[in-house]
Structure formats: C-alpha cells, structure tokens
Amino acid sequence: MKDEITITVTDQTGIQHTLICPLEMGLTLKDICKAYELPMEAMCGGMAMCATCHCYILNGAASLSEKNDVEEALLSELFTTKETSRLACQIYLTGQMDGLSIEIAAN
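Residue numbering for the sequence shown follows the UniProt record's numbering, starting at 1 and increasing by one per position.
Right, dumping it as structure tokens:
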C-alpha cells in the first residue's frame, strides 16, 4: 500500500507544479495545494461555502468520489464551471489518485 501519491497542479499562470502528497493525514486536494503555497484562495477553509478552491480535473477524474449536493450547488453558481469542475476541498486524497492532474481555476 502506498503512503504517498504524486499530483500535478497547473496554476492560473500555466506553471505546472508536482506535489508529493502523503495519504495517512486525511488531507484534501485543497489542503495539499495550500501546504505547497499554491495560489488557491479557499477562503472558507474547506467548508464548501465559497467555491474559491474551484479547479478543473485534467486527467484521473475516474479516481475521484462523486460530487455531493453542496458541491454541485456551489459549482452551479459559478460562471467559469466546466464539465470537469470540482471543489478541491471536497476531494480527499486516496491511493487511486496517483498521477491525478488538475488546474486551479481563475477566481
């Protein structure tokens, strides 16, 4: 069993960052982006209230859990939503996500 995975995050300026993510801490995608000091606002601190951790899943979407109703509702209020839009605070890191690639949406 893996104890860490690698995720690629493209920031709003197009720069790619490779993140090594520990799995045993119960972190979300938002948590790891903040830990690496990437430009993800996440104003509400991960409570699924603000949508400032909006991101696009570039590949690996099949490894993610389904969107819940709260996430769906928040995303529906954004003008920049795509089919691949997710809230990073609602995605808990798992071993199946190794190689996941996301892009942080512009706020």
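Note that the Cβ used here is the ideal one computed from N, Cα and C, for glycine as well.
Predicted, not measured: the structure shown is a model, and the values here were computed from it.
Report yes or no: do the stretch 75-95 and the stretch 38-58 share at least 3 C-beta pairs separated by less than 8 Å?
By the Cβ criterion, the stretch 75-95 is in contact with the stretch 38-58, since at least three pairs of Cβ atoms, one from each stretch, lie closer than 8 Å.
By DSSP's criteria, residue 110 is part of a beta bridge. Which residues make up the other side?
The chain is shown only over 1 to 107; residue 110 falls outside these bounds and no answer can be derived.
Option in Y36, V9, P39, N107 with minimal Cα separation from T81
Across the set Y36, V9, P39, N107, the C-alpha of N107 shows the shortest separation from the C-alpha of T81.
If you draw a straight line from the alpha carbon of T28 to that of E77, how long is it in whole angstroms?
Going by C-alpha positions, T28 is about 22 Å away from E77.
Between I5, L38, K34, G26, which has its C-alpha nearest G14's C-alpha?
Out of I5, L38, K34, G26, the CA that lies nearest to the CA of G14 is found in L38.
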